[in-house]
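Take a look at the structure set out below.
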Amino acid sequence: MTDLLTGPDTVAQERRLVTEVPGPRSRELAARRAAAVTSAVGSVLPVYVERAGGGVIVDVDGNSFIDMGSGIAVTSVGHAAPEVVAAIQAQAASFLHTCFMVGPYEGYVAVAEELDRLTPGDHEKRSALFNSGAEAVENAVKVARVATGRSAVVVFDHAYHGRTNLTMALTAKNMPYKHGFGPFAGEIYRVPMSYPYRDEPGMTGEQAAARAFALIETQIGAENVAAVLIEPIQGEGGFVVPAPGFLPALADWCTRSGAVFIADEVQTGFCRTGSWFASDHEQVVPDLITTAKGIAAGMPLAALTGRAELLDAVHTGGLGGTYGGNPVACAAALANIRLMEAQDLNGAARAIEATMLPRLRALQERTGAIGDVRGRGAMLALEVVKPGTNEPDAALMYAVSKACHAEGVLVLTAGTYGNVLRFLPPLVIGQDLLAEALDVLDAAFDAHVGK
Ligand SMILES: *Cc1c(COP(=O)(O)O)cnc(C)c1O
Numbered sequence: 123m124t125d126l127l128t129g130p131d132t133v134a135q136e137r138r139l140v141t142e143v144p145g146p147r148s149r150e151l152a153a154r155r156a157a158a159v160t161s162a163v164g165s166v167l168p169v170y171v172e173r174a175g176g177g178v179i180v181d182v183d184g185n186s187f188i189d190m191g192s193g194i195a196v197t198s199v200g201h202a203a204p205e206v207v208a209a210i211q212a213q214a215a216s217f218l219h220t221c222f223m224v225g226p227y228e229g230y231v232a233v234a235e236e237l238d239r240l241t242p243g244d245h246e247k248r249s250a251l252f253n254s255g256a257e258a259v260e261n262a263v264k265v266a267r268v269a270t271g272r273s274a275v276v277v278f279d280h281a282y283h284g285r286t287n288l289t290m291a292l293t294a295k296n297m298p299y300k301h302g303f304g305p306f307a308g309e310i311y312r313v314p315m316s317y318p319y320r321d322e323p324g325m326t327g328e329q330a331a332a333r334a335f336a337l338i339e340t341q342i343g344a345e346n347v348a349a350v351l352i353e354p355i356q357g358e359g360g361f362v363v364p365a366p367g368f369l370p371a372l373a374d375w376c377t378r379s380g381a382v383f384i385a386d387e388v389q390t391g392f393c394r395t396g397s398w399f400a401s402d403h404e405q406v407v408p409d410l411i412t413t414a415k416g417i418a419a420g421m422p423l424a425a426l427t428g429r430a431e432l433l434d435a436v437h438t439g440g441l442g443g444t445y446g447g448n449p450v451a452c453a454a455a456l457a458n459i460r461l462m463e464a465q466d467l468n469g470a471a472r473a474i475e476a477t478m479l480p481r482l483r484a485l486q487e488r489t490g491a492i493g494d495v496r497g498r499g500a501m502l503a504l505e506v507v508k509p510g511t512n513e514p515d516a517a518l519m520y521a522v523s524k525a526c527h528a529e530g531v532l533v534l535t536a537g538t539y540g541n542v543l544r545f546l547p548p549l550v551i552g553q554d555l556l557a558e559a560l561d562v563l564d565a566a567f568d569a570h571v572g573k
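Counting from 123, one number per residue, gives the positions in the sequence shown under the working numbering.
And the structure:
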């Protein structure tokens, strides 16, 4: 046990390449993978992971990568945070599974209490736990439909909500998420997002909201809308931050129309943007909120939290699942939340923004190939374009990301047009490591712009 606990601490917080990338052992695993794993599942990095600690991932050839992705905004407290590992070990030694619907346990209740306490608004709340973000979103839609007796769900351009049948329908982008996988669930209606970089210059959040309402009212009918579902900052869509006023206008419209306002905070939640939830930045109080990625430091857990009268409108037994709120995942979530509070990871996310934004803006200025720098906290992105235009340059973005990987920095990509580089570092990443990752990014742009 002590070995496991001290293991993560021994991962040096450094970037270090000792072989070419990928090295021989990773290439061997890639060959085994090709013969065993479907090619339908892709991976960002060409190397195979052996260990990870804090902000560093070590591959099977001994190369150390600076992690600017956190397993897609999951390991915000750092890889293998010792307190989380200890909580997992202790819970695993007590019991692994009873199924909350069969034999309930305290951990599930305690996670629900924390969610009810931390999510926006001081109204009476209830929570239910699930395994994945998609599952939480599906259940949000189920709750909204039961509670309102209506069926239409309004979603936005560039939205990402998951890969199950209902959440594919809620997701905007065809390739790779939907292509060939239909028919999709019905009663889903898509309206324009507020996308300041690509909207008419000067369009306010209220104007963008009015554009959406006009479509909703003429094409769906306000009285048919069960829910308006939105990511307060879009994740896979390219870290699109709506213009100020957009989210409050949507929430208002829902209140006036008797529709449920659902914030999908699966990617933005748990300190990622410098507050517990991205809705907090504009004092928006969602009726329902979905969470997952950052909730349990890497254990699979997701949640739906919201107004008690909405969640309790569902008949008993209507929500659940075999593994939802697994006790080990709950123990990890509780340790994760304690760490986030004790270490002020909201402050840490804001400090990352303070370090990164000026560097990213300087890079924009210098290269001319970055149309927009955006995001909040430790959720920042660059939209890569052909210089002097806003025309997406996916090829340049891809070349830069590959160059970063080859130099030992893990960056992620995103965006409807495949031209967004996104950064989601662990919130505990050291300032030196962060600065080094940005140096590598600078060099990658210099090597590829205009080539
Ligand atoms: C990742 C994500 C989901 C889906 O979560 P999974 O755990 O992959 O099912 C849903 N919504 C948003 C905003 C996400 O970023």
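Backbone N, C-alpha and C define an ideal beta-carbon position, used for all residues, glycine too.
- With a threshold of 16 other beta carbon atoms within 10 Å, L237 meets it and is buried.
- Sorted by position in the chain, S254, G255, A256, H283, G284, E353, G357, D386, V388, Q389 and A414 make up the residues whose C-beta lies under 5 Å from a heavy atom of ligand 1.
- Between S148 and Y170, the C-beta gap is smaller than 7 Å, which places the two residues in contact.
- In the DSSP secondary-structure assignment, K247 is bridged to R429.
- Here A162 is exposed. Its C-beta has fewer than 16 other C-beta atoms within 10 Å.
- If the five residues before and after F222 are omitted, its C-beta is found closer than 8 Å to the C-beta atoms of Y230, L251, G442, G446 and G447, all from its own chain and listed in chain order.
- In this structure, the alpha-carbon of G176 lies about 27 Å from that of V362.
- Ranked by how close their Cα comes to the Cα of M297, the residues I310, A500 and Y282 have Y282 in first place.
- For A521, same chain residues with a beta-carbon under 7 Å away, outside a window of 5 residues either side, are H570 in chain order.
- When DSSP reads this structure, L543 sits in a beta bridge with L504 and T535.
- Counting every other CB atom within 10 Å of its CB across the protein chains shown gives T511 a total below 16, marking it as exposed.
- Going by DSSP, F278 is part of the beta strand (DSSP E) stretching over A274 to F278.
- In this chain, the alpha helix (DSSP H) harbouring F335 covers G327 to L337.
- Per DSSP, R496 is one residue of the beta strand (DSSP E) stretching across I492 to R498.
- In the three-state reduction of the DSSP assignment, T141 falls in the coil class, being assigned neither a helical nor a strand state.
- Listed as beta-bridge partners of V169 by DSSP are no residues whatsoever.
- In this structure, V276 keeps its C-beta atom at 7 Å or more from the C-beta atom of I179.
- Nearest to A528 by C-alpha distance, out of S379, P168, A331 and K300, is P168.
- Residues of the same chain with a CB within less than 8 Å of the CB of V407, apart from the 5 flanking positions on each side, are P242, G243, H245, A373 and S401 in chain order.
- Looking at the backbone, the Cα of L218 and that of V206 are separated by about 16 Å.
- Short of 6 Å from the beta carbon of A385, and not among the five residues preceding or following it, lie these beta carbons of its own chain, in chain order: P354, S401, P408 and I411.
- Here the alpha carbons of A256 and T289 stand approximately 6 Å from one another.
- The residues V350 and F383, in chain order, have a CB closer than 6 Å to that of C376 in the same chain once the five nearest residues on each side in sequence are set aside.
- Distances from the CA of A262 to each of D181, M478, T427 and A209 were compared; the closest alpha carbon is that of T427.
- Within its own chain, the residues whose Cβ lies closer than 6 Å to the Cβ of G497, once the five positions on either side in sequence are excluded, are F361 and A503, listed in chain order.
- Pairing D494 with Y319 gives a Cβ-Cβ distance under 7 Å.
- R267 and Q135 have their C-alpha atoms roughly 48 Å apart.
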